[in-house]
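Chemist: Please see the structure below; I have some questions.
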Amino acid sequence: MRHKQKLVGAVVLLAAFQSFILFAGFFAPYDFATQERERPFAPPTALHFTDTRGNVHIRPFIYNLIDSGRSGEGNRADFDHPYPVHFFVRGAPYKIAGVFASNMHLFGVEAPGHIFLMGSDAYGRDQFSRFLFGGQISMLAGLIAAILSVSIGIVVGGIAGFYGGWVDELLMRGGELFLALPWLYLLFAVRAALPLHISQWEVFLLLVSVMGLIGWARPARLIRGVVLSAKQRNFVVAARGFGASDAYLLRRHVLPQTYGILLTQMTLLIPQYVLAEVTLTFLGLGVGEPLPSWGSLLSSLQQYYVLSSYWWMFLPALFLIPLFLVFYTAADALQELHKSVTL
Amino acid sequence: MAQGPPGQAGEERMITEGSPGHAGGRLVVALRSEPKTINPVLAVDEPSRDVIRCVTADLIHINRGSLKTEPSLAKSWKVSNDGRQYTLQLRHGLRFSDGEPFNADDVIFSFQVYLDEKIDSSQRDLLVVDGKPITVVKVDAYTVRFELAKPYAAAERLFDGVAILPRHLLEASYRSGSFSQAWNLSMLPSQFAGLGPFRLKEYVPGQRVVLERNPYYWKADRAGNQLPYLNEVVFLFVPSEDAQVIRFQSGDTEVLSRFSAENFAVLQKQQSVKGYHLDDLGPGLEYNFLFFNLNDLTPKGLPDVAKKQAWFQDVRFRQAVSAAIDREGIVRLVYSGRATPIWDQVTPGNKLWVDEKIAHPARSLDRARQLLQSAGFSWSSGALVDPHGNPVEFSILTSSSNAQRMKMATIIQDDLSQLGMKVQVVPLEFHAMVDRLQNSYNYEAAVMGLVSGDADPTSEMNVWLSSGETHLWHPNQDKPATPWESEMDRLMQEQLVTLDYAKRKQLYDRVQEIVVENLPMICLVSPDILVAAANRVGNFHPGILVPYALWNIEQLYIQ
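Chain order of the listed sequences is F and W.
For the first sequence, counting from 1, position 46 maps to 57 in the working numbering; every step adds exactly one.
For the second sequence, counting from 1, position 503 maps to 1306 in the working numbering; every step adds exactly one.
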């Protein structure tokens, strides 16, 4: 049962990562929008255990950087003022899952010290906090779009596969039309047509929904195939012979056969739509400032000066690679498992 | 190559100030996009104008180094005592780049075209004084008289950039009504002629425009060598700023202007090894500002915006916003320190017109809160609410293609959130934004920037007159909507017809004070002019007026 172990491993990793994101407010030392205007593009803060006199401390501490006023001229550490890192500190208020309010953070340093584990961005905002909070938006976008795609896919694919004939033809040709749709231009058009007073956040949700709504064709095709073969199985034919209705057959015998495929599709589609969010933001259709998303964290990389001068701006991209890898591992394991069950 | 007869009999050459250089070589520069045309009458985009400046000449020119006027095709001029008549003496014996002679008929023809309402040139607005177009009279073959309806301060500055056209090449298309197609880029180089240092050689669509030395050019250096020094100028089409920076860094191009402070820092790192140098010329004439929609919206049927105008129209609200904005923060975060905070429209770069009396108050949230309180606003659980209990929320438009202004808006958003205002930044495609600002008036606030074409306030008429098209917060008014706008109208009109500089300065100072008192535009920062050039380019003296780097291209040489 190698696949099962692989799956369990992937699911545990995913759950760990998701809880980091869900409890972003707790793990992040700062609010995602707080601008430290004296410290744009600060490099990641180094954690020290030995002070300037060579004494070793158990509790790590950090030094602030002396800002030279103009970025790109190098930063020096202010060795006169160490700031020890404290755990479970009170800080910026936040909400978990939009409900539970708190201001407890896992770690932090006393002001005016600043701890930027992944550096700071052009406005002096903590990249680490923005990465965690950004995950909430990006994962939500991926989830919404994937659920929409798959649920439309199951309805359309199920009907097309089950009834066949002209219904099948009509739905599948319609699906191809959606596959051929230049969705990027469609999204631009949708954005341009919206009134201004709709908040960026609502616009974003709308665009993500549109993306999910037009992405149903691929899952629908897959489900249609499974339904097509499932409805010819002996036990389905037998049930029909006993006078079962179409709805009963679909619900009781046919659709359960597609669940494995559905789950695999979901694990494949979520990262795909997270990446689509990155693309959207890259093109200026993402959540507006100051809200972070993984797309907006990466979009600053399209500027030459960021690319050539501030290596820590790549860190979010670096962290996303293992995440997607875990997603695809889970999808892979699910598919293998599904194969061995049906065989 | 046809060599112009050096120092042909009767040719009145102009002697330039720059140090003598070597003839030969070529200069490569990048343009952001392809020029749309090389017709000086029709060009509106900057790439077209950049090319046109190299192949044409004007009668009187503003020296980009001194910002003062200097003789060009006109060797001298006289102003009548009432300031209404300008008599220009043209240089004798000059030839267009195709060898045809130049005289007063070309000047008369050129102005006929520029003033033609049907052709609608962008220069026409400047050449109409007090509602009446300038009249142009030919006195003799080398003397032209310009008559103005009213005395007009700094009228000689109007001639800058009005390129003289060759009558022998363009009159036919003008008479036949096909002028709007004349001199597009698909024409043959032989169909083109101008009085500039270069002439058209080759156009490769999607790649480059190549100019070659004009053998008939009429300027010479102190040693008597005919200008220009360069054999060729190549304009490459490089569509993005980053790509331009990279190509400059790798030595593909020799001169770079219009780039961001961040890229300045990137270039600075390799300055010594790569053989180029960078110049920060200090603040130019660009001013960036935030403004609110103060239009009369009753005929437009925009109830949502109209409701919010109750706040925007209260000067205390605008003052509070101005007091809350961290201009120093914008300078540091958006321009890496290469900009200057401003409180009115005249930047410190414009030394002749800046009003030293304007106060530069530091950011103060306390004062902002006091102002809001005195205007009847209050706070409920951190959010600002107006006297009727409505939360203060509005959106700021910016152009999505301008990274600097997007950043400015984001900083303002954060500043105003500290006053309890909920602000959304809405980046729009540039034309979509202008359509809202100029036609539908369907917006609440916007961050924009303007670049004065000249240091003189006359170039700003369109912005400050209430009837002006660029009077952004409430354009094209029939009559001034507020007392301070009517005072501004009067001051702008008066400075236009006052000839004495000290008196004009007083008038324009008052305009600046009105802007600061009433804040129709909340001025933010003026970015520095940044240029870079390879060390091998000689006589490189960039200026703060457009075009920053290539204004003396006839004197540039390769060492």
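The beta carbon of each residue, even a glycine, is placed where N, CA and C say it ideally should be.
These numbers come from a predicted model, not from an experiment.
Is there a Cβ of chain W sitting closer than 9 Å to that of Val317 (chain F), yes or no?
Modeler: By this cut-off, Val317 (chain F) is an interface position.
Chemist: Just checking: is the beta-carbon of Arg141 (chain F) within a distance shorter than 9 Å of some beta-carbon in chain W?
Modeler: No, Arg141 (chain F) does not count as interfacial toward chain W.
Chemist: Here's the rule I'm using: 16 or more other beta-carbon atoms within 10 Å means buried, otherwise exposed. How should Arg70 (chain F) be labelled?
Modeler: By the 10 Å Cβ count, Arg70 (chain F) comes out exposed.
Chemist: Between the C-alpha atoms of Leu25 (chain F) and Thr61 (chain F), what's the straight-line distance to the nearest angstrom?
Modeler: Rounded to the nearest angstrom, the two C-alpha atoms are 36 Å apart.
Chemist: Kindly say whether Ser355 (chain F), judged by its beta-carbon, lies nearer than 9 Å to any beta-carbon of chain W.
Modeler: In this structure chain F extends from 12 to 354, so residue 355 (chain F) is not present and cannot be described.
Chemist: Is Pro123 (chain F) helix, strand or coil when you go by DSSP?
Modeler: Note: Pro123 (chain F) maps to coil in three-state DSSP.
Chemist: Closer than 8 Å by beta-carbon distance: list the chain W residues that pair up with Ala133 (chain F), in chain order.
Modeler: Within 8 Å Cβ-Cβ: Leu1136 and Lys1210.
Chemist: Just how far apart, CA to CA, sit Ser140 (chain F) and Tyr41 (chain F)?
Modeler: Going from the Cα of Ser140 (chain F) to the Cα of Tyr41 (chain F) covers about 6 Å.
Chemist: Among W:Val939, W:Pro1190 and W:Gly1027, which one has its Cα closest to the Cα of Gln887 (chain W)?
Modeler: One detail in the question is off: residue 887 (chain W) reads as Arg in this sequence, not Gln. Closest option to Arg887 (chain W), Cα to Cα, is W:Val939.
Chemist: To the nearest angstrom, how far is the alpha carbon of Ala44 (chain F) from that of Glu300 (chain F)?
Modeler: For Ala44 (chain F) and Glu300 (chain F), the distance between alpha carbons rounds to 9 Å.
Chemist: Listing by chain order, which chain W residues have their CB less than 9 Å from the CB of Pro301 (chain F)?
Modeler: Result: Thr1213, Gln1216, Asp1217, Ser1220 and Val1228.
Chemist: Compile a chain-ordered list of the residues in the region 1022–1055 of chain W whose CB is closer than 7 Å to at least one CB of chain F.
Modeler: For the region 1022–1055 of chain W, which is checked against every Cβ of chain F, the residues closer than 7 Å are Asp1045, Val1048 and Ile1049.
Chemist: Going along the region 1192–1203 of chain W in order, which residues come within less than 7 Å of chain F, judged by CB to CB distance?
Modeler: Flagged, chain order: Ser1198 and Ser1203.
Chemist: Taking Cβ positions, are Ala826 (chain W) and Tyr1360 (chain W) nearer each other than 9 Å?
Modeler: Yes, Cβ-Cβ distance for Ala826 (chain W) and Tyr1360 (chain W) is below 9 Å.
Chemist: May I have the straight-line CA-CA distance separating Ala39 (chain F) from Ser160 (chain F), to the nearest angstrom?
Modeler: Rounded to whole angstroms, Ala39 (chain F) to Ser160 (chain F) spans 32 Å at the Cα level.
Chemist: Would you give the residue range spanned by the beta strand (DSSP E) that Pro95 (chain F) belongs to?
Modeler: Element bounds for Pro95 (chain F): Arg87 to Pro95.
Chemist: Could you tell me whether the Cβ atoms of Ala860 (chain W) and Leu998 (chain W) are closer together than 9 Å?
Modeler: In contact: Ala860 (chain W) and Leu998 (chain W) (Cβ atoms closer than 9 Å).
Chemist: For Gly1185 (chain W) and Val221 (chain F), I'd like the C-alpha separation in whole angstroms.
Modeler: Going by the C-alpha atoms only, they are around 35 Å apart.
Chemist: Rounded to the nearest angstrom, what separates Ala122 (chain F) and Thr56 (chain F) at their Cα positions?
Modeler: If I take the Cα positions, the gap works out to 14 Å.
Chemist: So which of W:Gln1216, W:Glu1272, W:Val1250 and W:Lys1160 has the shortest CA-CA distance to Asp1312 (chain W)?
Modeler: Out of W:Gln1216, W:Glu1272, W:Val1250 and W:Lys1160, W:Lys1160 has the C-alpha closest to the C-alpha of Asp1312 (chain W).
Chemist: Is the shortest distance between the beta-carbon of Val1157 (chain W) and the beta-carbons of chain F less than 9 Å?
Modeler: By this cut-off, Val1157 (chain W) is not an interface position.
Chemist: Let me confirm a value: Glu187 (chain F) is counted as buried when at least 16 other C-beta atoms fall within 10 Å, else exposed. Which label applies?
Modeler: Counting Cβ neighbours within 10 Å, Glu187 (chain F) comes out exposed, since fewer than 16 surround it.
Chemist: Thinking Arg867 (chain W) and Trp1354 (chain W) are a contact (beta carbons under 8 Å), I'd like their distance in whole angstroms, please.
Modeler: Sure, about 4 Å apart at Cβ, within 8 Å.
Chemist: Using a C-beta to C-beta distance shorter than 8 Å, which residues of chain F count as neighbours of Asp1129 (chain W)?
Modeler: The contacting residues are Arg48.
Chemist: In this structure, does DSSP put Ile77 (chain F) in helix, strand or coil?
Modeler: Strand, per DSSP.
Chemist: Suppose only complete runs of 4+ residues qualify. What are the alpha helix (DSSP H) ranges in the region 839–864 of chain W, listed by chain order?
Modeler: If we require 4 residues or more, the alpha helix (DSSP H) runs fully inside the region 839–864 of chain W come out as 849–858.
Chemist: Just tell me which of W:Met1209, W:Asn1265, W:Leu1302 and W:Lys1077 has its CA closest to the CA of Asn1338 (chain W).
Modeler: If we check each option's Cα against that of Asn1338 (chain W), W:Lys1077 comes out closest.
Chemist: What residue range does the beta strand (DSSP E) around His59 (chain F) cover?
Modeler: His59 to Thr61 is the span of the beta strand (DSSP E), which, as asked, contains His59 (chain F).
Chemist: How many angstroms separate the CA atom of Gly1027 (chain W) from the CA atom of Gly824 (chain W)?
Modeler: Approximately 11 Å, taken between the alpha carbons.
Chemist: Among the residues of its own chain, which have a CB less than 7 Å from the CB of Gln1241 (chain W), if the five just before and after it don't count?
Modeler: Within the same chain, Gln1241 (chain W) has close Cβ partners Pro1278.
Chemist: Using only the alpha-carbon positions, how far apart do Val96 (chain F) and Pro104 (chain F) sit?
Modeler: Computed Cα separation, rounded: 19 Å.
Chemist: If contact means a Cβ-Cβ distance below 7 Å, which residues of the region 1323–1338 of chain W contact chain F?
Modeler: Those would be none; no residue qualifies.
Chemist: Quick one: is Gly1132 (chain W) near chain F, going by C-beta distance under 9 Å?
Modeler: With 9 Å as the cut-off, Gly1132 (chain W) counts as an interface residue toward chain F.
Chemist: Can you confirm whether Asn1098 (chain W), when its beta carbon is compared against all beta carbons of chain F, has any partner nearer than 9 Å?
Modeler: Closer than 9 Å: no.
Chemist: Taking 9 Å as the threshold (beta carbon to beta carbon), is Ser240 (chain F) in contact with chain W?
Modeler: Output row for Ser240 (chain F): interface = no.
Chemist: In chain order, what residues of the same chain lie with their CB nearer than 7 Å to the CB of Leu1155 (chain W), ignoring the 5 residues before and after it?
Modeler: Excluding sequence neighbours, Leu1155 (chain W) sits near Ala1258.
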